[in-house]
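Just below is one structure, and these are the notes that go with it.
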Amino acid sequence: MKRSLGVCYYPEHWPEDIWPEDARRMKAAGLTWVRIGEFAWSRLEPEPGQCAFGWLDRAIETLGKAGLRVVLGTPTATPPRWMIDQFPDMLAVDAQGHPRKFGSRRHYCFSHRGYLEACRKIVTELATRYGRHPHVAAWQTDNEYGCHDTVLSYSDAARTAFRDWLAQKYQSAEALNRAWGNVFWSMDYRSLDEIDLPNLTVTEPNPAHVMDFRRFASDQVVAFNRAQVDILRRHTHAPIAHNYMGRITEFDHFKLGADLDISSWDSYPIGFLSDRLEASAEHKAAYLRQGDPDFQAFHHDLYRAVGRGRWWVMEQQPGPVNWAPFNPSPLPGMVRLWTWEAFAHGAEAVCYFRWRQAPFGQEQMHAGLLRPDSAPAPGLAEAAQVAQEAAQMPEAGCCAGDVAVIFDYESAWAWETQPQGADFNYFRLVFAWYRALRSLGLNIDILPPDTQDLSRWKLVLAPGLATVSPALMTAISDCPGTVLLGPRTNSKTVDFAIPEGLPPGLPGLDARIARVESLPPGVNVPLEGGGAFVHWAEEIEGTAPVLLGRCDGSAALVGDDRCAYLGGWPDDATLRTILQTLCAQREIEVFDLPEGVRKRDASGLRFWFNHRAQPVQWNGFEIPAAGVFWHGLD
Amino acid sequence: MKRSLGVCYYPEHWPEDIWPEDARRMKAAGLTWVRIGEFAWSRLEPEPGQCAFGWLDRAIETLGKAGLRVVLGTPTATPPRWMIDQFPDMLAVDAQGHPRKFGSRRHYCFSHRGYLEACRKIVTELATRYGRHPHVAAWQTDNEYGCHDTVLSYSDAARTAFRDWLAQKYQSAEALNRAWGNVFWSMDYRSLDEIDLPNLTVTEPNPAHVMDFRRFASDQVVAFNRAQVDILRRHTHAPIAHNYMGRITEFDHFKLGADLDISSWDSYPIGFLSDRLEASAEHKAAYLRQGDPDFQAFHHDLYRAVGRGRWWVMEQQPGPVNWAPFNPSPLPGMVRLWTWEAFAHGAEAVCYFRWRQAPFGQEQMHAGLLRPDSAPAPGLAEAAQVAQEAAQMPEAGCCAGDVAVIFDYESAWAWETQPQGADFNYFRLVFAWYRALRSLGLNIDILPPDTQDLSRWKLVLAPGLATVSPALMTAISDCPGTVLLGPRTNSKTVDFAIPEGLPPGLPGLDARIARVESLPPGVNVPLEGGGAFVHWAEEIEGTAPVLLGRCDGSAALVGDDRCAYLGGWPDDATLRTILQTLCAQREIEVFDLPEGVRKRDASGLRFWFNHRAQPVQWNGFEIPAAGVFWHGLD
Amino acid sequence: MKRSLGVCYYPEHWPEDIWPEDARRMKAAGLTWVRIGEFAWSRLEPEPGQCAFGWLDRAIETLGKAGLRVVLGTPTATPPRWMIDQFPDMLAVDAQGHPRKFGSRRHYCFSHRGYLEACRKIVTELATRYGRHPHVAAWQTDNEYGCHDTVLSYSDAARTAFRDWLAQKYQSAEALNRAWGNVFWSMDYRSLDEIDLPNLTVTEPNPAHVMDFRRFASDQVVAFNRAQVDILRRHTHAPIAHNYMGRITEFDHFKLGADLDISSWDSYPIGFLSDRLEASAEHKAAYLRQGDPDFQAFHHDLYRAVGRGRWWVMEQQPGPVNWAPFNPSPLPGMVRLWTWEAFAHGAEAVCYFRWRQAPFGQEQMHAGLLRPDSAPAPGLAEAAQVAQEAAQMPEAGCCAGDVAVIFDYESAWAWETQPQGADFNYFRLVFAWYRALRSLGLNIDILPPDTQDLSRWKLVLAPGLATVSPALMTAISDCPGTVLLGPRTNSKTVDFAIPEGLPPGLPGLDARIARVESLPPGVNVPLEGGGAFVHWAEEIEGTAPVLLGRCDGSAALVGDDRCAYLGGWPDDATLRTILQTLCAQREIEVFDLPEGVRKRDASGLRFWFNHRAQPVQWNGFEIPAAGVFWHGLD
């Protein structure tokens, strides 16, 4: 399959007479895909039950005739105002108990049955009408599930649904009391209908209560999406996607993605740097107009896993955005770099958001490929350049990773529920490990926590995995390569309790975590040979061989070349050294990449990306500032 | 008119038998005015409909007989507790949906019709009784509109009134949908009665929605005040004032001031430094006991414009206050300095708040001219000194400004609605420009945004003006002097959309803002010749001559000696240099004032103010620490 | 009485068959006491009115037969879920108006009459059944009153009760209006039933209103506790205790403690360092795994006063906890050090919290003496060592203090109500004085504010005492030693007004506070001889002799060797110097202790504690790191 480009477009925002010219210019820029419709419900159904598809028919026709392929979105992220009259209680409720009102987007609770039914109706209408349409080549469900903190709702509908979910899981209050340990603080329930949502309690609620609520909330998103997919499948053979957001961990993307054909995500490197990354002020200043060098790649690899190999960037930042605390312009070249980076990580398509900057509404300061006056914005030329370059390239494809990292959404919930140290965060932990690997020039695969076969990788990492499933435990046992786990691995049972016998309980590794401590900023636990644990340190006991010691004489890293356990959160340099050592043992080639330079192999090519604002000399060639260089793999 | 002094007094707080002695001491200190009554509703109408004016009659008589002139306040900022029983829904509601309860002050929603009617009644009572009273020489409406964040209310009354306001403005939902761009995110309304207040939305509401709500809220304050003025006018010929607060921008003071005779404001330099000023810790430490050297002057000039020339300081800080995070004492001399600074900027009167420090209630730690034990506080002697000095001075009067700065309340709302960068603030922007001008020793006039004739000034500045009205556009065209605009000038239409053809759309200036970026702290865009843009930078395109370039080759400042546009937020030194250059071109005399020294010309005198804690040698004379020096203008 | 050790135990958490072995191991470790029952309501009364005491009978029997003495807790801190159905309005309401829901603990409002009655019933059941039980040797009421900010509730029940309380105190609205100064801002009430709770007002409520609410809230806690004590007294002769928390000042512990036999508190040195102490980052890093060297001692001395000499540590931190922002492990030795420090300050018993770490529930990351797998945690051996050491020691007893410090809960409320400077805090102030004394090696007694006889002490300190009662004023007059007061002493009347004649109004001291100022961080008022006032400075007038001057010529410290007044908040070194000078005048022996070393004399022994992570040479002997050294007093 050729790598292709696309764009997000809102025909309903513009006079119909400029659609043909817009379509022509898209095509001329080398774009293939055009995503439409996902926020248009008020124009598709202006009055309850009275649909108005004429304009959408004409838009699709115009775009299709210009040679573009349409991705059609279901409009369920923005129900019209009249829906609130039908279902006043459909709004999500925040943790403080306030209904989250109409007037922006995502104003619905995933648990509201009436709204779910309304979604089924509009999706059925769309699927019936466009399911076999020759120009509609893909579908998108809803938009950015979880954005704006919308997974967790404390509404009446959510409470009712949570009780049902608990009833399914536990069957009785007695079983639930046992599982949750409700004898603690007299939290016993006599009936499941006594259970409330875990907000506004006097002090922290039972973590087992919170974890089940988190699982429930994730399941509600999956079920909401599945309802749409089930309808679409009855009417179309086109692939179905959803556009995930960056660093949204409130629902299990692997579970939701299992119902879809394509995984896609919305990549805003500069916004994310400002808004969603723990990093020093120096790092943020150095990459202000480029975004973090690893943040996008991490999501590319993650969502490739979520899509079981098939994935897109559905929205690619094309210039300054409007929603981060500060919104600088990308360096010239970054739009091209971001696009090629996505392709190097195996993206089938990259679509820019959006075609023309809207002069009105919430995102009027969000750049498009066109300016509001229809003149080309800087991103357009870079997109067109990629289109030309891609046309010359071999077919898309993705090389197998050298190493694998397991990512587990439940662990993210677990450590939010019980951080134990104020700055302990699962995403941050896994991302630090990912960054260390990538700074060594490795191709990385991200794996779901229920992976049953680890034999493809020489090195598998699973930091912070709260609970190791029996299946994964078997896979670890059977893995011929090295599996590195910890900290906090397997330290919770499925009921969010400390396991009998203490963690990590790994086969063939006589090691128990006797005690843990969290560390405030500025304090660390020094390791032999320099370096230190930060944030988190564990006391390991047992007879497992010590691979690295702490200066106080305890063990920091124990195990052997099959299975090792790291009892803390190393500083970045130490982590890199540890991983480099493991790679050397397994004869995995690593690279000592310069600051800001990253590498990725794909379909016979080796790509080098320079995220810095200065050109870099490397391996005898120069990578331009904010640029990319590639060559054939020997 | 002679410059005069006054004081705020609460006869209801003190035994009646000490009133005569208080009055005598006021007069002996050289005070002319005494403001009373503005918080006394519970004593004027102890039971609904049963007024008790006897004590006020006697208080006015006592004060008047001592030779003082009374400013009588309407008591509508503090309705009595029984009013809440009559109108339980009269309380304002905060953005989180909580009614703002009785128990302090300003506990009312401007949109509540019942409360408005109650205000009309009490004002009618007062106006009827005291409108022609020989000792009542001026009136004040309410107290500090907008203080404690009271302009914006999310009550049911506000929602109803907002819908009415929208109906007046748009006539139909269709027109409103078009104006607001509600096609974006399916925000279309079918009826104006579907529109809610823009709080508690899932993510940010439509900025056009917010802007109309801000305009509405401002209009409600204006209408509330006008209702009182209309009544007073029917019964009195005395001038009517309101006492504005510092850095309150939530309502349009120009519009409200148009109904009044005198503008006045409440000047608390040390509290404002701590509480309402963006400045470095060093700056705040250097002026800890003086207040910022420009903050008061800015408001003097602003409120002179609001009062169309007639203005007072109604409350002048006389010592430490109680309401800032930290409340240090003023340096000896500052009470005199503040007073003379007000006079130099054209104040007719300066009244100290308050006569005697109250030993009870919320402000018991707020200094007065007297201590709670009736001994003189340090401020009293300084006030008396000013009274003696003023008696020797020529009549009050105000020299015309050398330069003008346009201040626009709607722009303040616009950039709060859409800062685009977290630290972009309109007041801060205009104040930085004002400070740069004043540090050059210039006399500054502040102008409203609907000024129709700019021909009086050689230099007119309008930073950050969101929308340029047709009238102002004409005035700019016709202005014989230099008009300097930008950044963000005219970047929004009246419907809060990006204008067609892109901003700034200035006559005779071929310049368009192709792209903007906001910059986090610590990052800047370097300019040629040193200096940089901070906070904000714009990419200018067009053929307008480049007056100053960026180091990256783009234009920073374009235009000619009639109209220029600055595409960013310069650092303070650069801004000063730019303005110095423009002054030189227009042959406006500037001064290279030492740190902390400021100058103002008025009625044939030149005043030099030294806000520093050390004496300063300047121009051959010494200005004492925290002191003022004046001489005749040659 | 021998010093004894104990532990907190939750038989309901564990299978009944391991109770005997647990009891055996407790006894083997040298423990005497076992506290049980305080969170077990849902297991004691699983259905309303149906009690199930069998398991508790057996648990007490098992523990008692092993030779342990039981402290039985009333379970009223954790009412079962069914109680909420009986009294849906029994939940406390937070300052934002949200009910604080079931799902953790302390989910009740002290003012709810229905819940109070339910508490009386369960306490009666327990008292009847176990009041004369041979193994039940002490009682504990409820658990940690005030923890999780639970003293102040804004519920309907609280409002009703507050009005009753006000009616008792003032009898009429007129009297209340006068006392509160409600003429200010028209806050007059016509009836006491018009009075609301002082939350959600537009700006700050009347401080007199807040102070009465604080007094009321404290009284409600005292009354709630007394209701239980009254019942217990009818059925048992065993001593009754409550376990207070650290730095909880929301209720008057002296008043509550007057109803009890023993005062006890829950000592978590490492959690408190992280969570409840103003200190520099360096200080917090230096004592990260030890806790602050004075924080525990302060509470030991405070609660010894609250218990009128009889006091325990009811919960002693045995390892890392779960509830602070960061939770590091104690240094080896600290559990022993903490225990001996408590004994040196006169504790009768120290009980560790808890026996075995629970693998479930909110506190599953809170260490116990046993790990979750029943292996000994590090704390167990240290506890056992103390048990052995204590067995060799003379009987417990407490030497009289060299100096006294007055601590007053009402002053804590006063300065929270009116800090005047954002960082002014009463506890912080008193603790700074305490720390300075203790760093001089002094034995300190803490006294309640109604102490009538100060003749036992050569030096008595009372910083920040808001109101000096007539009784204390007499005691000060009669005190043969030196009494040092200020800042802010006696600056409020009982009605929270500034007293006539200005503070401090001390007998024989002609000094008045003419003006006060609060100072932001980084700013100070220099004193003669070096040093400075920080946070707070006062202008003193009068003829009292000046003992220390400010560099600006005003007085800093005035008085004589009987009564002195300090007009500011000195930096730590200056405070130490001032106190050292006073001690020298009174011939009180002081010690120039090394950093982190502290001393306490008790029952003929002198204890030296080294809180540092390094050993210290001192007086010819070495105190180990995190260690204690003792010798006989000569």
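Protein sequence lines correspond, in order, to chains A, B and C. With the numbering used here, letter number 192 in the first sequence gets 192, and the count goes up by one each step, no holes. With the numbering used here, letter number 292 in the second sequence gets 926, and the count goes up by one each step, no holes. With the numbering used here, letter number 532 in the third sequence gets 1800, and the count goes up by one each step, no holes. We put the CB at the ideal spot given by N, CA and C, even for glycine. None of these values were measured; they are calculated from a predicted model.
At a cut-off of 8 angstroms, the C-beta of A/D193 has no neighbouring C-beta in chain C.
DSSP places A/P570 in the strand class (E or B) of the three-state scheme.
Separation of A/R120 and A/P198 (C-alpha to C-alpha, rounded to the nearest whole angstrom) is 30 angstroms.
Each of A/D149, A/Q171, A/Y565, A/F533 was checked against the Cα of A/R550, and the nearest Cα belongs to A/F533.
At a Cβ-Cβ threshold of 8 angstroms, A/V151 and A/E250 count as neighbours. Only residues of its own chain outside the window of five on either side were considered, and among them R1780, A1782 have a CB closer than 6 angstroms to the CB of C/E1809, listed in chain order.
The beta carbon of A/S267 lies closer than 6 angstroms to those of Q296, V313, Q316 in the same chain, with the five residues before and after it left out. Residue pairing by DSSP puts A/R356 in a beta bridge opposite A/L370. For the alpha helix (DSSP H) assignment, the uninterrupted runs of no fewer than 4 residues enclosed by the segment 259-307 of chain A are, from N- to C-terminal side, 269-275, 281-286, 295-306.
Of all residues in the segment 1772-1791 of chain C, only R1780, A1782, R1783, V1784, E1785, S1786, L1787, P1788, P1789, G1790, V1791 place a beta-carbon less than 9 angstroms from a beta-carbon of chain B. For a Cβ distance threshold of 8 angstroms, residue set F1307, T1346, S1372, R1373, G1629, Q1630 of chain C lies close to A/W185, ordered along the chain.
Pairwise C-beta distances place the segment 567-585 of chain A in contact with the segment 521-537 of chain A, as three or more of them are shorter than 8 angstroms. In the three-state reduction of the DSSP assignment, A/V468 falls in the coil class. The distance from the Cβ of C/P1288 to that of C/T1330 is about 6 angstroms, consistent with a contact at the 8 angstroms cut-off. Beta-carbon to beta-carbon, A/R354 and A/Y9 are separated by about 7 angstroms, close enough to satisfy the 8 angstroms threshold. With contact defined as three or more Cβ pairs closer than 8 angstroms, the segment 1482-1500 of chain C and the segment 1670-1683 of chain C are in contact. Secondary structure of C/S1272 (DSSP, three-state): strand.
Beta-bridge partners assigned by DSSP to A/E174: none are found. At a C-beta separation below 7 angstroms, C/G1298 has no neighbours in chain B, since its nearest C-beta there lies roughly 52 angstroms away. Nearest CB-CB separation between A/A358 and chain B: below the 8 angstroms threshold.
When DSSP states are grouped into helix, strand and coil, B/P654 belongs to the helix group. Annotation for B/G891: S897, V940, G941 place their beta carbon closer than 7 angstroms to its own, counting only its chain and skipping 5 residues before and after. With the criterion set as a beta carbon lying under 9 angstroms from some beta carbon of chain C, the members of the segment 692-721 of chain B are P709, A711, T712, P713, P714, R715, W716, I718, D719, in sequence order. DSSP, read as helix, strand or coil, puts C/T1330 in helix. Under DSSP, B/K1233 forms a beta bridge with B/W1242. Using a Cβ-Cβ cut-off of 9 angstroms, C/L1556 is close to L519, P520, V523 of chain A, given in chain order. A direct Cα-Cα distance of roughly 13 angstroms separates B/A1131 from B/P1138. Taking 7 angstroms as the Cβ-Cβ cut-off, the segment 957-971 of chain B approaches chain C at P959, F960, N961, P962, S963, given in chain order.
Taken in chain order, the members of the segment 1099-1133 of chain B whose beta-carbon sits within less than 7 angstroms of a beta-carbon on chain A are A1131, I1132. The C-alpha of A/S603 is placed about 33 angstroms away from the C-alpha of A/G131. Look at A/H237 here: in three-state DSSP terms it is coil, with no helix or strand label. Among the residues facing chain A, B/L834 is included, as its CB has a counterpart in that chain under 8 angstroms away.
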